Every structure is written in C-alpha cells, then in structure tokens.
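In what follows, a structure is listed as structure tokens, so that the remarks can point back to it.
Numbering (this note's numbering), first residue to last: 26 to 336.
See the structure below:
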C-alpha cells in the first residue's frame, strides 16, 4: 500500500494545531519539505522532547514525505538554542538532501510564513500556502506519526505538554479522548485549587475551565494558571469590553504594527489601522476583513507590543 493511503487510513492530521489532513500534503508535488520544530509557544516543549527522544522516527517520516512529493530538498527548522534536539536529529540524518536550518530564539519563528522564508528565502504570496512556493510544511510530531503509519500504526495517542501550576510539569503520550481531568492527574494534579487552562499555549491557545474537555489530535499542551492570573482575567473579558476600551484608549503609537511578524516580512498587515477604524465603526470590520487572511494570530500586538494593554 502506498504511504499516502497509509497516512489517510491512519487518520493523520497536522499535529501542530492546524489539523490539516496530512495525506493531502503528502500527495502534492513539491520541491522542498520542511519539518517545523520551532515550537515557539512559551512553556510548551513537546516537540523538543520528541526530537531528542524520537529523532529516528521523525527523520524517517520526513524521508517518506520527500519521496511521496518528489521533493529534492528537506529542511529541519529548529531553534539554535535547542542544541540537544539539533544533535539528536543530526545523528539520524542519512540523506544529504536533508539539512538543519537553525532558527533564532524569537517568537513566532514557527509561523509557516516565517519558517518558509527562514529556510528557503521564498515568500509565500499573501493569503497563500507554502505549496505556492513549492514547499510542504509539517510539524515534527506529524512526521513521527507518518513513520508509524508506514508500520500500519494509526494515530490513537497524542504527545502533549502539561505545564504551569501543576505538581509534575511534563510531556508524555496520552490516548486521544482523555479528559483534561485525567490529563492533570498524570501531571500530578493542579497545584492550586481554582484555575483555568490554556489549551495549546498562552499566546495562541484557547482558555477553558472545563475539565471534561478531551485531548484531540491537535492538542499540543495544557498550561494551567491560577484563575486570578493576569492572562486568564484578560482573556476572559467579554468581547464588547475589548472594543469599547479600544475605541477610547488607542493612541496610534503603531507599536502593534512595528512588532507584527507578517508586517516585518512585507505583508500588508497593520493592526494600528484596525484600531483606528474602531473609532469610526462598531467593530472595525471593514479594515480588519482586508487583513484577516494575512494575520497569523500570534498575539504579539496585544500581549507584548501595546503599551495601553489593548486587545
């Protein structure tokens, strides 16, 4: 059976969070295959642990996708600070066509547009995908799952990080469908009584208080924080509050635009103009809709750049 069919039958989707069906990427025609091991969400470290401990499977999965897409070149995007992961992957590379692209320690180095440019110096067209410039990008865990699919092992587990206010912060495999309640028990339980959980990270993840939610194929991690933590109180505000405060408080300093990774790559994403439009409309949707397809939702504009702490 062809590896493309095995990938589909194994139920593999993007493990980094987007969840795009992997067999669709595997049957494309590409020049370059890129493994995304940047893992730039603060505190999440499951990709790092995978690269250190399962580099052989990850490299094998990458080779299978290079073969299925007829790609002549492969790149591993790994932050240079993660030297253990780099050395582990290097030891398993048997193909001269595969090399490691060492990334800077910045956020969001794992954004597809950023990663493709760092590895190839090719710019994805606005609102485009990596395939538009001859590239296929997968998370390192996705490549791990592909190597298992070649052995007819389907995706029934997820590798996740559970960190923050827990007694035993760690990364481990857990069956898909496990409740967050059980997930926390594996990490020793919460170290505080009243808490919230960011699913996938504090920058781009979703906030939940529901312990009966379950691990799915795109769950990367759980960050547990006290309910009174600044980030939880901020994220838990009604959307109307964000708009009302934004209308009255934005001073048009343009820091949000100056820090925007997509803007710095040359794309027309200017968050300060969205905030400006809030002063004249109810939602700012007219300007925002023009830029929404280019925004990577990294959160830098709101959680880092804005001196007024606007959302």
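Don't be surprised by glycine CBs; every beta carbon is placed ideally from N, CA and C. Just so you know, these numbers come straight off a predicted model, no measurement behind them.
{"query": "Spatial distance of residue 321 from residue 288 (CA atoms)", "result": "11 Å"}
{"query": "Local conformation of residue 194 per DSSP, three classes", "result": "coil"}
{"query": "Top-ranked residue by Cα proximity to residue 226, from 244, 179, 172", "result": "244"}
{"query": "Proximity to residue 247 [Cα-Cα], best of 50, 258, 212", "result": "212"}
{"query": "Status (buried if at least 16 other CB within 10 Å, exposed otherwise) for residue 108", "result": "exposed"}
{"query": "Three-state secondary structure (DSSP) of residue 316", "result": "helix"}
{"query": "Residues near residue 46 in its chain [Cβ-Cβ closer than 6 Å; skip 5 each side]", "result": "38"}
{"query": "Identified DSSP bridge partners for residue 227", "result": "Answer by DSSP bridge pairing: none, since residue 227 is not bridged."}
{"query": "Cβ shell of residue 179 (< 6 Å), same chain only, five flanking positions each side left out", "result": "35, 36"}
{"query": "The stretch 143-161 in contact with the stretch 47-65 per 3-pair CB rule at 8 Å", "result": "yes"}
{"query": "Test item: CB-CB of residue 160 and residue 32 under 8 Å", "result": "no"}
{"query": "Runs of beta strand (DSSP E) wholly within the stretch 141-172 (minimum 3 residues, chain order)", "result": "160-164"}
{"query": "Rounded straight-line distance, which links the Cα of residue 97 to that of residue 249", "result": "42 Å"}
{"query": "DSSP state of residue 292 mapped onto helix, strand, coil", "result": "coil"}
{"query": "Beta bridge counterpart(s) of residue 46 as assigned by DSSP", "result": "38"}
{"query": "Simplified DSSP assignment, three categories, for residue 88", "result": "helix"}
{"query": "Length at least 4, wholly inside the stretch 235-276: the alpha helix (DSSP H) runs in chain order", "result": "255-260, 264-274"}
{"query": "Sequence-distant residues of the same chain with beta carbon closer than 7 Å to residue 331, five excluded per side", "result": "280, 281"}
{"query": "Distance between residue 151 and residue 294 (C-alpha atoms, nearest Å)", "result": "10 Å"}
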